[in-house]
Amino acid sequence: MAFAQRKFLALSSQQQARHLARMLAGALDNATLLDDYNKAVGWLGRRELRCEKAVAARLGELYVHWQSRTGRGPERRVLLRLGIEGDADIARAPPLNWAVFLPDIRSAHNVGAIVRTCDCFGFRTVFRCGYTPGPEQPGVQSAAMGTQDWISIVSVGDLEDARKRFGSGDQAPAVVALETGPGAMPLGEVRWPQSGILILGNEQAGISEKLKEQSDLIVSIPVYGRKASLNVANAFAIAAWEIRRSRDAAHFVAST
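Counting in numbering that gives the first Met the number 0, the sequence shown runs from 0 upward without gaps.
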């Protein structure tokens, strides 16, 4: 421990809880930290919260106890280590009939992050076009965290090719461009269709005029700082969540 009893007791209860939670998280990797933890709770006169044995289940209980007193929820990395929370064998909900179109996205990390977001919010397909890196790239795999193994990633020549592959006739998907600039509808005001393809822009140039002309709708994420836009992967995460939330709400209303 980096401080003595007097310094520890002088901390606020929230700060004490934060230090104790950190000790327990570290104790999962380094059992010698248990001595520091037991000494600290002894100073508080809370011997019933001592961890006499390095048992993962007890460590988890004590970690959740103290972390809840910091004003924050348990860290996911710790829950994963304890086996309390992890990836599911199957999707938690049916997928949306939505895809994302990636024209000339340079960053493999951005592409991988987008693939992972598709899994989280139920997008069916990633269409990549131009020099957008594919799932065989190490950078894509690193950021996708395995989701590239079950999310459909399809290389296409252009947007029309993607539309034909994703639907036709009465099932033709709407095409929505996520872009900044005048005339774009704010994300929260959109009535999202049941089926669609969301176009994302190149990190530097954005979405081409040709793709905008081919879009049924252009939407934007309102920003309130000095920068005009978000990182493309972050922007997609916000839009994907909004589409998921909106479609789930529409389904709920329709089914009641």
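Positions of the beta carbon are idealized from the N, C-alpha and C atoms, including for glycine.
No experiment lies behind these values; they were computed from the predicted model shown.
Query - Same chain only: Cβ atoms within 7 Å of CYS214, ignoring 5 sequence neighbours per side - result: On the sequence shown, position 215 is the one that residue 214 refers to. The residue you asked about is not Cys; residue 214 is Ser in the sequence shown. Taken in chain order, the residues that qualify are VAL174, VAL175, ALA176 and ILE198.
Query raised in the report: What three-state label does DSSP hand VAL252 in the structure shown?
Result: Here residue 252 refers to the residue found at position 253 when the sequence shown is read from its first residue. The predicted position of VAL252 is uncertain, since its pLDDT is 49 and thus under 50; a value taken from the coordinates is nonetheless stated next. Residue state, collapsed to three classes: helix.
Query raised in the report: Which same chain residues, not among the five before or five after SER154, have their C-beta less than 6 Å away from its C-beta?
Result: Sequence index remark: in the sequence shown, residue 154 carries index 155 (1-based). Taken in chain order, the residues that qualify are ARG127.
Query raised in the report: Between the C-alpha atoms of ASN109 and VAL139, what's the straight-line distance to the nearest angstrom?
Result: To locate residue 109, count along the sequence shown from 1; it is residue 110. To locate residue 139, count along the sequence shown from 1; it is residue 140. Roughly 8 Å between the two C-alpha positions.
Report task. Would you mind listing the alpha helix (DSSP H) stretches within the region 161-222 that are 4+ residues and don't spill past its ends, in chain order? Result -> 208-213
Query raised in the report: Looking at the structure shown, is ASN233 part of a helix, part of a strand, or coil, going by DSSP?
Result: For the purposes of this step, residue 233 is taken as residue 234 along the sequence shown, with counting starting at 1. ASN233 falls in the helix class under three-state DSSP.
**Report entry** Selection from ASN233, SER245, GLY133 and ARG225 that minimises the alpha carbon distance to SER194
**Finding:** The count along the sequence shown starts at 1 and reaches residue 194 at position 195. Of ASN233, SER245, GLY133 and ARG225, the residue nearest in Cα terms is SER245.
Query raised in the report: Given SER219, which residues of its chain have a CB within under 8 Å of its CB, disregarding the five upstream and five downstream residues?
Result: For the purposes of this step, residue 219 is identified with residue 220 of the sequence shown, where counting begins at 1. Cβ within range, chain order: LEU177, GLU178, THR179, GLY180, ALA183, MET184, PRO185 and LEU186.
Query raised in the report: Do ALA90 and PHE165 have their CB atoms nearer than 7 Å?
Result: Indexing the sequence shown from 1 puts residue 90 at position 91. Indexing the sequence shown from 1 puts residue 165 at position 166. When the beta-carbon positions are compared, ALA90 and PHE165 stay at least 7 Å from each other.
Report task. Give every residue of the same chain whose Cβ lies closer than 8 Å to the Cβ of VAL114, excluding the five residues on either side of it in the sequence, and list them in chain order. Result -> Position 115 of the sequence shown, counted from the start, is the residue given in the question as residue 114. Only residues of its own chain outside the window of five on either side were considered, and among them VAL125, PRO134, VAL139, ALA142, ALA143, THR146, GLN147, ILE150 and ILE152 have a CB closer than 8 Å to the CB of VAL114, listed in chain order.
Query raised in the report: If you draw a straight line from the C-alpha of ALA248 to the C-alpha of TRP191, how long is it?
Result: For the purposes of this step, residue 248 is taken as the residue at position 249 of the sequence shown. For the purposes of this step, residue 191 is taken as the residue at position 192 of the sequence shown. Using only the alpha carbons, I get a separation of about 11 Å.
Query - Of the residues ILE104, ARG123 and LEU8, the one placed nearest GLY205, counting alpha carbons only - result: Mapped onto the sequence shown, residue 205 falls at position 206. When only C-alpha atoms are compared, the closest one is ILE104.
Requested in this report: For GLN14, count neighbouring Cβ atoms within 10 angstroms of its own Cβ and tell me buried if that reaches 16, exposed if not.
Outcome: Here residue 14 is taken as the residue at index 15 of the sequence shown, counted from 1. Under this definition GLN14 is an exposed residue.
Query raised in the report: Just how far apart, CA to CA, sit ARG225 and GLU208?
Result: Counting from 1 along the sequence shown, the entry for residue 225 is found at position 226. Counting from 1 along the sequence shown, the entry for residue 208 is found at position 209. About 25 Å.
Query - Distance between LEU8 and LEU48 (C-alpha atoms, nearest Å) - result: As a position in the sequence shown, residue 48 is number 49, starting the count at 1. As a position in the sequence shown, residue 8 is number 9, starting the count at 1. Near 16 Å, if we compare the C-alpha coordinates of LEU8 and LEU48.
Query raised in the report: Roughly how far, in whole angstroms, is the beta-carbon of THR116 from the beta-carbon of ALA239, given that I think they are within contact range, below 8 Å?
Result: On the sequence shown, residue 116 is found 117 positions in, with the first residue counted as 1. On the sequence shown, residue 239 is found 240 positions in, with the first residue counted as 1. Contact holds; Cβ gap of about 5 Å.
Query raised in the report: Which term fits PRO137, buried or exposed, when burial requires 16 or more other beta carbons within 10 angstroms of its beta carbon?
Result: Looking up residue 137 in the sequence shown gives position 138. Classification for PRO137: exposed.
Query raised in the report: Taking the C-alpha atoms as reference points, what is the distance between VAL231 and THR131?
Result: To locate residue 231, count along the sequence shown from 1; it is residue 232. To locate residue 131, count along the sequence shown from 1; it is residue 132. C-alpha separation (whole angstroms): 13 Å.
Requested in this report: Assign ALA42 to buried or exposed, taking buried as 16 or more other Cβ atoms, counted over all protein chains shown, within 10 Å of its Cβ.
Outcome: Working through the sequence shown from its first residue, we reach residue 42 at position 43. As written in the sequence, residue 42 is Trp, which differs from the Ala given in the question. By the 10 Å Cβ count, TRP42 comes out exposed.
Query raised in the report: ILE196 and ALA236 look like a contact to me (Cβ under 8 Å); what is the Cβ gap, rounded to whole Å?
Result: To locate residue 196, count along the sequence shown from 1; it is residue 197. To locate residue 236, count along the sequence shown from 1; it is residue 237. In fact, because the Cβ distance is near 17 Å, the residues do not count as touching under 8 Å.
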